[in-house]
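To convert, count from 1 in the sequence shown and add 1; that's the working numbering.
C-beta atoms are modelled at their ideal positions from N, C-alpha and C, and glycine is treated no differently.
Given the structure is predicted, the values throughout are model-derived calculations rather than measurements.
Report on the structure given below.
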Amino acid sequence: GPMVWLFWHIGQSPEFVYRVLSADQVTQYQQMYEGKGGMTRSAEDNLMMFSFYIMNNIGVALRTFGSGLVFGVGSALILLINGVQIGAVAAHLSFAGYQENFVSFVVGHGAFELPAIALAGAAGARMGLSLLFPGGLSRRAALRRSARRAIRLLYGVIAMLIIAAALEGFWSASAASVQSKYLVGAFLWLFVLGYFAGVGRQRGGAGAD
Numbered sequence: 002g003p004m005v006w007l008f009w010h011i012g013q014s015p016e017f018v019y020r021v022l023s024a025d026q027v028t029q030y031q032q033m034y035e036g037k038g039g040m041t042r043s044a045e046d047n048l049m050m051f052s053f054y055i056m057n058n059i060g061v062a063l064r065t066f067g068s069g070l071v072f073g074v075g076s077a078l079i080l081l082i083n084g085v086q087i088g089a090v091a092a093h094l095s096f097a098g099y100q101e102n103f104v105s106f107v108v109g110h111g112a113f114e115l116p117a118i119a120l121a122g123a124a125g126a127r128m129g130l131s132l133l134f135p136g137g138l139s140r141r142a143a144l145r146r147s148a149r150r151a152i153r154l155l156y157g158v159i160a161m162l163i164i165a166a167a168l169e170g171f172w173s174a175s176a177a178s179v180q181s182k183y184l185v186g187a188f189l190w191l192f193v194l195g196y197f198a199g200v201g202r203q204r205g206g207a208g209a210d
């Protein structure tokens with residue numbers, strides 16, 4: 002929601018980006034995505050960035066997840082901040098003439114990365130809400146029960162982020178054509194959304210743990 006709103010608002014008022022990002026940050030992002038093929042890296046750099054993306058993205062997911070213990074508010078706040086920042090960056094680069102380089106770079110790994118962070122927030126919020134609404138259980142018992150389910154969800158989040166890191170490290174920065182990246186990105190988004198649209202239906206959401 003915040004990401005979509007920021008994208009629309011900066012499209013209407015481009016200078017608003019400087020209320021979210023500093024001038025140095027804006028310049029840095031522009032330099033990252035300027036020039037055709039500017040994101041192409043060596044094999045060694047790809048491997049190094051793959052490791053960095055794993056550590057960085059999983060760190061963000063764990064913070065988003067763990068902050069949910071603050072009655073769910075922490076997870077919502079981190080998702081809000083991330084949505085605002087991503088929306089500001091995406092909008093500015095798109096409307097400033099960097100759209101092709103930016104979108105072709107993020108469209109593939111974003112299919113796994115963005116839903117994974119949102120799911121980490123949902124898992125964290127589930128734990129926090131169990132403290133507010135424990136039902137017939139004690140808060141400790143309710144938290145223990147929700148944590149078992151949330152941690153299982155977190156395993157899936159980590160798997161998605163490893164896939165995202167591999168795509169970002171080795172595919173997003175490759176010399177493949179823009180059209181190829183768009184096609185692969187569209188396929189990956191359809192795959193992820195299709196998976197979550199149908200997952201668990203055979204079991205019908207039955208029962209307890």
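Under a three-way DSSP split, which group does Gly39 fall into? Here residue 39 refers to the residue found at position 38 of the sequence shown. Note on Gly39: pLDDT 46, under 50, position unreliable in the model; the coordinate value appears next. In the structure shown, Gly39 sits in coil (DSSP, three-state: anything other than H, G, I, E or B).
Is there contact here, the region 118–136 with the region 67–84, by at least three beta-carbon pairs under 8 Å? yes
Among the residues of its own chain, which have a CB less than 7 Å from the CB of Val108, if the five just before and after it don't count? On the sequence shown, residue 108 is found 107 positions in, with the first residue counted as 1. Excluding sequence neighbours, Val108 sits near Lys182, Tyr183 and Gly186.
Buried/exposed call for Gly195, threshold 16 Cβ in 10 Å: Walking along the sequence shown from the start, residue 195 turns up at place 194. Looking at its Cβ environment, which holds fewer than 16 other Cβ atoms inside 10 Å, Gly195 is exposed.
Whether or not the region 88–103 and the region 18–34 are in contact is what I'm after, with contact meaning three or more pairs of Cβ atoms, one per stretch, closer than 8 Å; do they touch? yes
Looking at C-alpha atoms only, which residue of Val104, Phe17 and Phe66 is the closest neighbour of Ser147? Within the sequence shown, residue 147 is the residue found at index 146, counting from 1. Ser147 has its Cα closest to that of Phe66, out of Val104, Phe17 and Phe66.
Collapsed DSSP secondary structure at Pro135 in the structure displayed: Taking the sequence shown and counting its residues from 1, the one referred to as residue 135 is at position 134. Here Pro135 sits in coil by DSSP.
Check whether the region 134–145 and the region 76–84 are in contact - that is, three or more C-beta pairs closer than 8 Å. no
What three-state label does DSSP hand Val21 in the structure shown? Here residue 21 is taken as the residue at index 20 of the sequence shown, counted from 1. Looking at Val21 - three-state DSSP - the assignment turns out to be coil, as it is neither helix nor strand.
For Ser147, the three-state DSSP class (helix, strand or coil): In the sequence shown, the residue the question calls residue 147 occupies position 146. Ser147: helix per DSSP, three-state reduction.
Between the beta-carbon of Met56 and the beta-carbon of Glu169, is there less than 9 Å? Mapped onto the sequence shown, residue 56 falls at position 55. Mapped onto the sequence shown, residue 169 falls at position 168. Not in contact: Met56 and Glu169 (Cβ atoms no closer than 9 Å).
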